[in-house]
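Anchor point for the sequence shown: position 143 equals 281 in our numbering, and the numbering is continuous, going up by one each time.
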Amino acid sequence: MAEAKKTAKATVKKPVAKAAAETTKKAAEATAEKAAAKTTAAKTAATKTTETKTTAAKTTAAKKTTTRTAAAKTKKAAAVKENISIQFAGKDYTTEQLVKIAKDVWEFDLKKDPADFKEVQLYVKPEEAKVYYVINGTETGSFDI
């Protein structure tokens, strides 16, 4: 009888030991799968973050390029060259020539410092052969052309 008990105990212990070993093995595998899942999730999150940063960087670069292009177009549009010429009675005057005459009037006729000449408005009246001026918003007068 003692032998039967030992055999019965050994028989019971083997399946229990196998079951415990399998449970431990399954638990280890589950833990490994969870760790792998966390690692995959972390890699996916890192990839998404990198993709987001890359997309944001590309968008920012595109906006800067668009802004620079628009600024360049604006500068080109502002750089229109103007040349105005007034012709009458066999005479020909450009805007630059009339402004130079107004500066000379400021300096020599009005005895003012040329550095104080900041702004000029000219009104040309060919039928009178005169140019009327307003210099720096205060000095008014005219000169013959």
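Here a beta-carbon is modelled for each residue, glycine too, at the ideal position from N, C-alpha and C. Values in this document were obtained by computation on a predicted structure and should not be read as measured data.
So for Phe255, helix, strand or coil by DSSP?
In the sequence shown, counting from the first residue as 1, residue 255 sits at position 117. Phe255: coil per DSSP, three-state reduction.
Use the C-beta contact count for Val218: other C-beta atoms within 10 angstroms, 16 or more gives buried, fewer gives exposed.
Here residue 218 is taken as the residue at index 80 of the sequence shown, counted from 1. With fewer than 16 Cβ atoms within 10 Å of its Cβ, Val218 is classed as exposed.
Which class does Glu171 belong to by DSSP, given the choice of helix, strand or coil?
Here residue 171 is taken as the residue at index 33 of the sequence shown, counted from 1. In this structure, Glu171 counts as helix in the three-state DSSP scheme.
Return the CA-CA distance between Lys130 and Lys241, expressed in angstroms with no decimal places.
Examination of residue 130 is not possible in this model, given that the chain is present from 139 through 283 alone.
Can you look up Glu277 in the DSSP assignment and give me helix, strand or coil?
Along the sequence shown, read from residue 1 onward, the residue named residue 277 stands at position 139. Strand, per DSSP.
Can you check whether the CB of Val269 is closer than 8 Å to the CB of Val262?
Start at 1 with the first residue of the sequence shown, and residue 262 comes out as number 124. Start at 1 with the first residue of the sequence shown, and residue 269 comes out as number 131. Yes, the Cβ-Cβ distance between Val262 and Val269 is below 8 Å.
Own chain, CB closer than 8 Å to Gly92, minus 5 neighbours either side, in chain order
The first residue shown for the chain is 139 and the last is 283, placing residue 92 beyond what the model contains.
First and last residue of the alpha helix (DSSP H) that includes Asp242?
On the sequence shown, residue 242 is found 104 positions in, with the first residue counted as 1. Its alpha helix (DSSP H) spans residues Thr233 to Asp242.
Taking buried to mean at least 16 other C-beta atoms within 10 Å of its own C-beta, is Ile273 buried or exposed?
Here residue 273 corresponds to residue number 135 of the sequence shown, with the count starting at 1. Buried is the call here.
Cα separation between Ser223 and Leu236?
Here residue 223 refers to the residue found at position 85 of the sequence shown. Here residue 236 refers to the residue found at position 98 of the sequence shown. Going from the Cα of Ser223 to the Cα of Leu236 covers about 10 Å.
Considering Phe226, what are the terminal residues of the beta strand (DSSP E) in which it resides?
Working through the sequence shown from its first residue, we reach residue 226 at position 88. The continuous beta strand (DSSP E) containing Phe226 extends over residues Ser223 to Phe226.
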